[in-house]
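In our numbering, the protein residues as written are 1432 to 2047.
Yeah, the Cβ is synthetic: ideal placement off N, Cα and C, and Gly gets one too.
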Ligand SMILES: O[C@H]1[C@H](O)[C@@H](O)[C@H](O)[C@@H](O)[C@H]1O
C-alpha cells in the first residue's frame, strides 16, 4: 500500500476516534459536506433536471407502448408475434446498449453520452412518428431502446458525480422520479390520443421528441463531470467545473479528495487492462459489483413490470370492461407509482438507502402475498361453465368446467352474462385468430354495446374478490416505488470507485434490463404453469431472498463522499450478528482487533454494515 493511502486511511481512522467523543466541531478544515449543506447552488438542480430528462424518456418510451399497441394492432393488423416484438425489442436493445455504455462513458465522458442518448431518442421518435410499415416501426423502437440503455446507466452516474454529498441521494432519486413520471405522462398521452380514430399512435410515440430536443440543447451548454475530467488528466477544466457547480464555495478539499483518490486507485489497482477483469479481481470492486447487480436483479424479480403490465387485467377483473376506461385506470396505476416515488425522494436522505430498501422489500413481499391470496380466492370461487355449445373444431376449450382453467388456456376465453345475482349463461369458447378482443364464433364473436350482449373475458375471470387484488396492487406500488423502484439506481451510482464506475453501472443496468425481459417474457408462461396466484407467490418468495441479500450485503452510503464509499467494501460484505445495532450515526463501535479501527466514514446508522479502515 502506498504511503499516501496509508496516511489518508490513518487520517480517516483518527477522524473516527475524534467523532467518538462527540459530533465534529466546526473548525476551519471541517468537512466539505457540512459547508455544502447550508447553500446549494441552483446550478446543481439545473444539471440534475436536464440529466433526469433522460430518465423521463426511459419511462415515457417504455410506458407509452401499451396504449399505442391498442391502436396499432387494429390499424396495422399486427399479429401477437409482432406486438411482442415491438414491445420487447426496445427492452432488448436497452440491455445491449446499457452494457456497451460503460465503454462509451469511460471513453467519451458522461456529457457526450447524454448528448448521444438524446440524439438517438430524437431519431427514434421521428422514425416512429412517420413509420409507414411495421418494419420501420420496429427500427424506431430498437433505436429508442438504444437511447434508453445509454441514458439509464449514464444519468445516475452524472448526477451522483456533480452532486454535493448531502444531496446526492435525493438528486439521483429524482432521476427515478422522472422515470415513473415519464411512465405516468405516457399513460395520460395514451388516454388522450386513444380518442383519435386514426394515427393516434403516431402522436403517442412521436411526442418523446420534445423532451429529447430539450435535453440535447440543454446539454450543449452544460459541463462535463469534474470527476471524469480529473481522471482524464484535464485538471484545469475539472477545477473550473467544480468551482462553477459549487457556486464559488471553497472547493479545495473536495478537489484534493478526488485527485488523491484517483492517484490511490491507480496505485492500488493499476490503470491498464480490461476494466471488468480489474473489477472482478479486486475485492472491494468485486463486492460492490455483486451488491449493485444483485439489487438490480431483485428489483426486476419483484415483478414490477408484470404488475404494471397486468394492472389492466386486474382492473378488468374488478369490473372495468371498456378499453378506454381501462386505459385511464392504468394511468391511475402509474400515477400511484409516481406519487410513491416522490415519497422515496423525500425519505432517501432522511432514513438512508439501506433502511428504505429493507422497508420497501418487506412491504413489497407482503403486498405480493396479498395479491396472490386475491388471485387464489378468485380461482377457488371461479364461476362455472353452464353452457356447452357444440364445438365443431373440437378445441380444448370445451373441456373446461369453470372460468379459471378456461382463462389459463391462451386459446380460450369466457363468454358470459351477468346480473346482480352474479354470472349466468356462461361458456368457454375459442378466441378469434384475428384478435383476442372477441371469440372465434358464437355469441361473443360479434359483440355489440347492447345491454343483453354477453361479456367476453380473455385472460381474466369475473370475480367478487377483485377488491383484494386491487388493494394488493395499490399496496404493492406504495411499498415498491419509494425503495426498490429507486434505490438500485441510486446505490449503483455511488458504490464504485471512479475507475470502475462506468463499467460497474453498465453491468448493473444491463442486469436490470436482462431481468426485465426475462420476467416480462416468462410471466404468461409462469402463470399458465403455476396459475396467477402461484406466479405471485413465486415473486413474493423471490422478494424474501432479496430481503436477505440486502440485509446481509447492502451498506449505508448516506452522507458520504463518493471517494469514501469504496472503503465500505474493503472488507467482507456482511457483519450481521457480531455487532450491536444502532440508529445513531454518531455512535461508533470499536472492534477489539489489531486489524480494524472504528471508521469515521462508516455506515454506522445501519444494522450490520460497518466500514472498517484497515490499518496494516
Ligand atoms: O426503477 C424503474 C421503475 O420502478 C419503473 O417503474 C420500472 O418500470 C423500471 O423497470 C424500473 O427500473
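By how many angstroms is the C-alpha of residue j removed from the C-alpha of residue i?
i, j, result
"residue 1596", "residue 1626", "47 angstroms"
"residue 1497", "residue 1472", "40 angstroms"
"residue 1592", "residue 1920", "14 angstroms"
"residue 1851", "residue 1949", "41 angstroms"
"residue 1724", "residue 1820", "53 angstroms"
"residue 1838", "residue 1888", "8 angstroms"
"residue 1829", "residue 1860", "7 angstroms"
"residue 1773", "residue 1562", "36 angstroms"
"residue 1760", "residue 1565", "28 angstroms"
"residue 1515", "residue 1668", "47 angstroms"
"residue 1655", "residue 1622", "38 angstroms"
"residue 1671", "residue 1692", "19 angstroms"
"residue 2000", "residue 1720", "10 angstroms"
"residue 1957", "residue 1737", "11 angstroms"
"residue 1917", "residue 1982", "17 angstroms"
"residue 1677", "residue 1658", "14 angstroms"
"residue 1824", "residue 1868", "20 angstroms"
"residue 1431", "residue 1994", "Examination of residue 1431 is not possible in this model, given that the chain is present from 1432 through 2047 alone."
"residue 2119", "residue 1836", "With the chain represented from 1432 up to 2047, any question about residue 2119 goes unanswered, as that position is not in the structure."
"residue 1952", "residue 1666", "47 angstroms"
"residue 1560", "residue 1633", "4 angstroms"
"residue 1713", "residue 1902", "46 angstroms"
"residue 2012", "residue 1491", "In this prediction, residue 2012 has a pLDDT of 37, which is less than 50 and means its spatial position is unreliable; what the coordinates show is noted afterwards. Straight-line Cα distance between these residues: approximately 41 angstroms."
"residue 1779", "residue 1845", "46 angstroms"
"residue 1806", "residue 1892", "10 angstroms"
"residue 1553", "residue 1629", "23 angstroms"
State the DSSP-derived secondary structure class of residue i, mapped to helix, strand or coil.
i, result
"residue 1855", "strand"
"residue 1399", "No statement about residue 1399 is possible, as the shown extent of the chain runs from 1432 to 2047 and does not include it."
"residue 1849", "strand"
"residue 1870", "strand"
"residue 1888", "strand"
"residue 1862", "strand"
"residue 1472", "coil"
"residue 1833", "strand"
"residue 2008", "Low confidence applies here, because residue 2008 scores a pLDDT of 37, under 50, leaving its location unreliable and the question unanswered by this model."
"residue 1986", "coil"
"residue 1814", "coil"
"residue 1492", "helix"
"residue 1936", "helix"
"residue 1584", "helix"
"residue 1530", "helix"
"residue 1762", "helix"
"residue 1621", "helix"
"residue 1589", "helix"
"residue 1910", "helix"
"residue 2084", "Past the boundaries of the shown model lies residue 2084; the chain is included only from 1432 to 2047, so the question cannot be answered."
"residue 1823", "coil"
"residue 1875", "coil"
"residue 1453", "Residue placement at residue 1453 cannot be trusted, given a pLDDT of 29 that sits under 50; what the coordinates show is reported in the next sentence. Three-state DSSP puts residue 1453 in coil, outside helix and strand."
"residue 1967", "helix"
"residue 1893", "coil"
"residue 1958", "helix"
"residue 1713", "coil"
"residue 1747", "helix"
"residue 1654", "coil"
"residue 1634", "helix"
"residue 2001", "coil"
Looking at C-alpha atoms only, which residue of the options is the closest neighbour of residue i?
i, options, result
"residue 1988", "1740, 1599, 1828, 1666", "1599"
"residue 1910", "1795, 1863, 1584, 2000", "1795"
"residue 1769", "1928, 1484, 1908", "1908"
"residue 1569", "1501, 1524, 1538", "1524"
"residue 1826", "1870, 1786, 1788", "1870"
"residue 1493", "1518, 1971, 1590, 1585", "1518"
"residue 1639", "1544, 1558, 1784", "1558"
"residue 1986", "1806, 1885, 1631, 1925", "1925"
"residue 1832", "1815, 1583, 1934", "1815"
"residue 1499", "1546, 1550, 1507, 1636", "1636"
"residue 1583", "1690, 1526, 1992", "1526"
Measuring only from the beta carbon, is residue i closer than 6 angstroms to any heavy atom that is part of ligand 2?
i, result
"residue 1521", "Among the ligands in the structure shown, ligand 2 does not appear; only ligand 1 can be found there."
* Start-end ranges of the alpha helix (DSSP H) lying completely within the region 1664-1688, minimum 4 residues -> Complete alpha helix (DSSP H) runs here, min 4: 1666-1676.
* Go through the region 1545-1570 residue by residue and report every complete run of the beta strand (DSSP E) that reaches 3 residues or more, in order. => Those beta strand (DSSP E) runs which fall completely within the region 1545-1570 and span 3+ residues do not exist here.
* **Continuous beta strand (DSSP E) assignments of at least 3 residues falling wholly in the region 1593-1619** => Counting whole runs of 3 or more residues, the region 1593-1619 contains no beta strand (DSSP E) stretch at all.
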